[in-house]
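Engineer: One structure coming up, written as structure tokens, with questions to follow.
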Amino acid sequence: MSMKKSCCSANRSAVTATIINKEDQNSITFPTEQEGSSDGMVLIPKGDFLMGTEDSDSIKIDGEGPIRRIEMDSFLMDKYAVTNKEFKEFIDNTKYVTDAEKYGWSFVFYQLLPKLSHEKSTQFSAGSPWWRVVEGASWDHPEGTESSINERMDHPVIHVSWNDTMAYCKWVGKRLPTESEWEYAARGGLEQKRFPWGDELTPKGEYRCNIWQGEFSISNTVEDGYLGTAPVDAYAPNGYGLYNMSGNVWEWCQDWFSPYHVKGQNRNPAGPASGTTKSMRGGSYLCHESYCNRYRIAARTSNTMDSSSGNLGFRCVKSIEDQ
Numbered sequence: 012m013s014m015k016k017s018c019c020s021a022n023r024s025a026v027t028a029t030i031i032n033k034e035d036q037n038s039i040t041f042p043t044e045q046e047g048s049s050d051g052m053v054l055i056p057k058g059d060f061l062m063g064t065e066d067s068d069s070i071k072i073d074g075e076g077p078i079r080r081i082e083m084d085s086f087l088m089d090k091y092a093v094t095n096k097e098f099k100e101f102i103d104n105t106k107y108v109t110d111a112e113k114y115g116w117s118f119v120f121y122q123l124l125p126k127l128s129h130e131k132s133t134q135f136s137a138g139s140p141w142w143r144v145v146e147g148a149s150w151d152h153p154e155g156t157e158s159s160i161n162e163r164m165d166h167p168v169i170h171v172s173w174n175d176t177m178a179y180c181k182w183v184g185k186r187l188p189t190e191s192e193w194e195y196a197a198r199g200g201l202e203q204k205r206f207p208w209g210d211e212l213t214p215k216g217e218y219r220c221n222i223w224q225g226e227f228s229i230s231n232t233v234e235d236g237y238l239g240t241a242p243v244d245a246y247a248p249n250g251y252g253l254y255n256m257s258g259n260v261w262e263w264c265q266d267w268f269s270p271y272h273v274k275g276q277n278r279n280p281a282g283p284a285s286g287t288t289k290s291m292r293g294g295s296y297l298c299h300e301s302y303c304n305r306y307r308i309a310a311r312t313s314n315t316m317d318s319s320s321g322n323l324g325f326r327c328v329k330s331i332e333d334q
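Residue numbers are given in my numbering: position 6 of the sequence shown equals residue 17, and the series is strictly consecutive.
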């Protein structure tokens, strides 16, 4: 695992742990009263854009390039990442059990751990010692059983796997964005810019996203205001009215991940037909130019469908024809 990959996220196969059998929840029938809702969503207009990048600092092994012209139909996208409050409503209504809860643990960044949990966390992700295996860490106990989300209801939900996001989407009547939808929306109408607001990371000295400042992973100066997650409406939105498309938490996408792009998919591309991991976009509060450097719009990575961590969340989209 390269250093540029290791701070982004951690997957369950990277650590030796006792795994319990997971019951199949595909047969669960979720309440449908919220289906069709478009509250908190914005219209992303029909158009075309240049997807990908060939910048000198692009991560070629991730398949960030080549740049290609993509045509997109219009769709609706959540202005914000799904919050702890929204996910709690889903859990309360469905009694769904997340992958992190079924496994009994999840990955937590070591500097966020309460003292007792820090002393107990002896396992870590291979190649990424800052990711600690914490028993009891889950969406409602982000740093383990000593922690809670009571004061973070407006923060993005974390410790959710791709499987978990699919269950939520089914309940709310939405879906995950494709990578092309995510990047098109994140650009906010700008062409080939590095960030949702332009090319400069801190225009006029103003922080526009929640990432790492200082020396990763030893010292974070917290100049942007946050060591861990920030509220979903922190910082200014992009040109389409979307918040935190760079930094804060990684966001799951619908697509299977591959560094190679399917030829001929120039209109609403949906990625390869199969794969082993699912795509993630946007970077997180742990991203830093010296390591991850994936808070750029064109950056991408992936994880296994059952993996979860303290910097991984999601937002939803809805096709116009579903209205």
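Where is the CB? At the ideal position from N, CA and C, for every residue including glycine. Bear in mind the structure is a predicted one, so any value in this text is a computation, not a measurement.
Thinking residue 172 and residue 317 are a contact (beta carbons under 8 angstroms), I'd like their distance in whole angstroms, please.
Structural biologist: 5 angstroms
Engineer: If you follow the beta strand (DSSP E) that residue 262 is part of, which residue opens it and which one closes it?
Structural biologist: 261-267
Engineer: Taking 7 angstroms as the cut-off, decide whether the C-beta atoms of residue 280 and residue 269 are in contact.
Structural biologist: no
Engineer: What is the DSSP secondary structure of residue 321, counted as helix, strand or coil?
Structural biologist: coil
Engineer: Report the start-end ranges of each alpha helix (DSSP H) in the region 42-116 that is 4 residues or longer and not cut off at the edges.
Structural biologist: 95-105 and 110-114
Engineer: Under a Cβ-count criterion, where at least 16 other Cβ atoms within 10 Å of its own Cβ denotes burial, should residue 153 be classed as buried or exposed?
Structural biologist: buried
Engineer: Along the chain, which unbroken stretches of the beta strand (DSSP E) at least 3 residues long are found entirely within the region 200-270?
Structural biologist: 261-267
Engineer: Between residue 111 and residue 324, is the Cβ-Cβ spacing less than 7 angstroms?
Structural biologist: With respect to the 7 angstroms criterion, residue 111 and residue 324 are not classified as neighbours on the basis of their beta carbons.
Engineer: Sorted by chain position, which residues of the same chain lie with C-beta nearer than 7 angstroms to residue 267's C-beta, five sequence neighbours on each side aside?
Structural biologist: 282, 283, 285, 286 and 289
Engineer: Return the CA-CA distance between residue 125 and residue 145, expressed in angstroms with no decimal places.
Structural biologist: 11 angstroms
Engineer: Using only the alpha-carbon positions, how far apart do residue 273 and residue 253 sit?
Structural biologist: 28 angstroms
Engineer: So, at 6 angstroms on beta carbons, what are the nonlocal neighbours of residue 123 in its own chain, with the 5 sequence-adjacent residues on each side left out?
Structural biologist: 154 and 239
Engineer: Identify whether residue 314 lies in helix, strand or coil by the three-state DSSP scheme.
Structural biologist: strand
Engineer: For residue 149, which residues does DSSP report across the bridge?
Structural biologist: 152
Engineer: In this structure, does DSSP put residue 177 in helix, strand or coil?
Structural biologist: Under the three-state reduction of DSSP output, residue 177 falls in the helix class.
Engineer: Check residue 183 in the structure and name its three-state DSSP category.
Structural biologist: helix
Engineer: Is residue 191 helix, strand or coil when you go by DSSP?
Structural biologist: helix
Engineer: Pick helix, strand or coil for residue 198, following the three-state DSSP scheme.
Structural biologist: helix
Engineer: Is DSSP giving residue 23 helix, strand or coil here?
Structural biologist: helix
Engineer: Can you give me the Cβ contacts of residue 86 inside the same chain, cut-off strictly under 7 angstroms, excluding the 5 residues immediately before and after it?
Structural biologist: 55, 192, 328, 329, 330 and 331
Engineer: Using the rule of at least 16 other Cβ atoms within 10 Å of the residue's Cβ for burial, across every protein chain shown, is residue 104 buried or exposed?
Structural biologist: exposed
Engineer: Measuring straight from C-alpha to C-alpha, what distance separates residue 16 and residue 312?
Structural biologist: Note on residue 16: pLDDT 44, under 50, position unreliable in the model; the coordinate value appears next. Approximately 8 angstroms, taken between the alpha carbons.
Engineer: Does residue 70 pass the burial test, meaning 16 or more other C-beta atoms within 10 Å, or should it be called exposed?
Structural biologist: buried
Engineer: Quick check on residue 302: buried or exposed, where buried means 16 or more other Cβ atoms within 10 Å of its Cβ?
Structural biologist: buried
Engineer: Can you check which of these residues, 214, 198, 234 and 107, is closest to residue 293 by C-alpha distance?
Structural biologist: 198
Engineer: Kindly indicate the opening and closing residues of the beta strand (DSSP E) around residue 290.
Structural biologist: 289-292
Engineer: What residue from 221, 229, 262 and 139 has the CA that sits closest to residue 175's CA?
Structural biologist: 262
Engineer: Which same chain residues, not among the five before or five after residue 200, have their C-beta less than 6 angstroms away from its C-beta?
Structural biologist: 250
Engineer: Ignore the nearest five residues each way along the sequence and tell me which others in residue 257's own chain have a CB closer than 8 angstroms to its CB.
Structural biologist: 197, 206, 207, 219, 220, 222, 293, 294, 306, 307 and 308
Engineer: Report buried or exposed for residue 314, applying the criterion of at least 16 other Cβ atoms within 10 angstroms of its Cβ.
Structural biologist: buried
Engineer: In three-state DSSP terms, what is residue 308?
Structural biologist: coil
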